[in-house]
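Visitor:
Numbering (the UniProt record's numbering), first residue to last: 1 to 288.
1. Decide if residue 9 is buried, meaning its Cβ has at least 16 other Cβ atoms within 10 Å, or exposed.
2. Would DSSP call residue 289 helix, strand or coil?
3. According to DSSP, is residue 142 part of a helix, a strand, or is it coil?
4. Please state if the CB of residue 61 and the CB of residue 110 are separated by a distance shorter than 8 Å.
5. Please report the straight-line C-alpha distance between residue 195 and residue 137, rounded to a whole angstrom.
6. Check whether the Cβ atoms of residue 148 and residue 44 sit closer than 8 Å, and answer yes or no.
7. Within 10 angstroms of its Cβ, does residue 72 collect 16 or more other Cβ (buried), or is it exposed?
8. Mind checking which residues open and close the alpha helix (DSSP H) that includes residue 53?
9. Specify whether the region 86–98 and the region 48–68 touch according to this definition: at least 3 beta carbon pairs, one from each stretch, less than 8 Å apart.
10. If distances are taken between C-alpha atoms only, which option among 19, 205 and 51 comes closest to residue 132?
11. Following the continuous alpha helix (DSSP H) through residue 83, name the residue where it begins and the one where it ends.
12. What residue from 117, 18 and 53 has the CA that sits closest to residue 95's CA?
13. Report the rounded CA-to-CA distance for residue 236 versus residue 113, giving the unit in angstroms.
14. Among the residues of its own chain, which have a CB less than 7 Å from the CB of residue 258, if the five just before and after it don't count?
15. In whole angstroms, what separates the C-alpha of residue 255 from that of residue 83?
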């Protein structure tokens, strides 16, 4: 009774493992194909996204391969199939070949992802420098406009305070701003000094922000290389080990030469010697 129940459990486990393994493998392969289409080989960001997504999903077909081989083992143990069955040999052979292909792919992705991450980081650094230059140009332009505005207010014949009120509208100025404006009126050269101080402060702020962005970009690139590189190494090692286990699947039992036992030659029977006859007699032969 227990043997029958165990066979039923093994049969159910075999069916579930084979189904789950097949679905996991097919879904992941479909996702890999969709990641490649449409291809953009000349874009480092496309290579970086492709390698990242493939490495992140690389564990799924590995679980599928293990489940598929486990399902076949359960079916063999339950006695429902034999190792020499054609479908088992074919399924194992294809599974080992798929593991070999995936192992080589993840082995290639190790330098591929690192190169894509470095190139993408260089592009990000160039973009940060370009944005910093644009910000400095805008700052310089605004400072020049502000300087010309102050000089225009001071050099005019009208009352500077009236022009300032017309410029700022209803927004009140604090005491510090009023004192600074009064200083500009009394000493116009202080405008250049104040503009230079403001320029230095803004330039340092832009450069600091740009430097921090560059550091984050470099750190993110090396972090991505370390993380996904190690993951790809482990995945490649697992797949190649599974493929190595099936290296002898091409040999079937039919191809093996069966050594026959030498047929034992029949043991010759010893010749039996006949008993010697009676000795000859000296009496003459009897003649009737």
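Here a beta-carbon is modelled for each residue, glycine too, at the ideal position from N, C-alpha and C.
Guide: So, from the data block:
1. In summary, residue 9 is exposed, with fewer than 16 beta-carbon neighbours lying within 10 Å of its beta-carbon over all protein chains present.
2. As shown, the chain starts at 1 and ends at 288. That puts residue 289 outside it, with no answer to give.
3. helix
4. no
5. 15 Å
6. no
7. buried
8. 44–56
9. yes
10. 205
11. From DSSP, residue 83 is part of no alpha helix (DSSP H); its letter is neither H nor E.
12. 18
13. Cα to Cα, residue 236 sits roughly 14 Å from residue 113.
14. Bear in mind that the predicted position of residue 258 carries a pLDDT of just 41, short of 50, making it unreliable; the figure below should be weighed with that in mind. So the list is empty, once near-sequence residues are dropped.
15. Residue confidence for residue 255 is low, a pLDDT of 47 falling below 50, so the modelled location carries little weight; the figure read from the coordinates is stated next. Approximately 15 Å between the Cα atoms of the pair.
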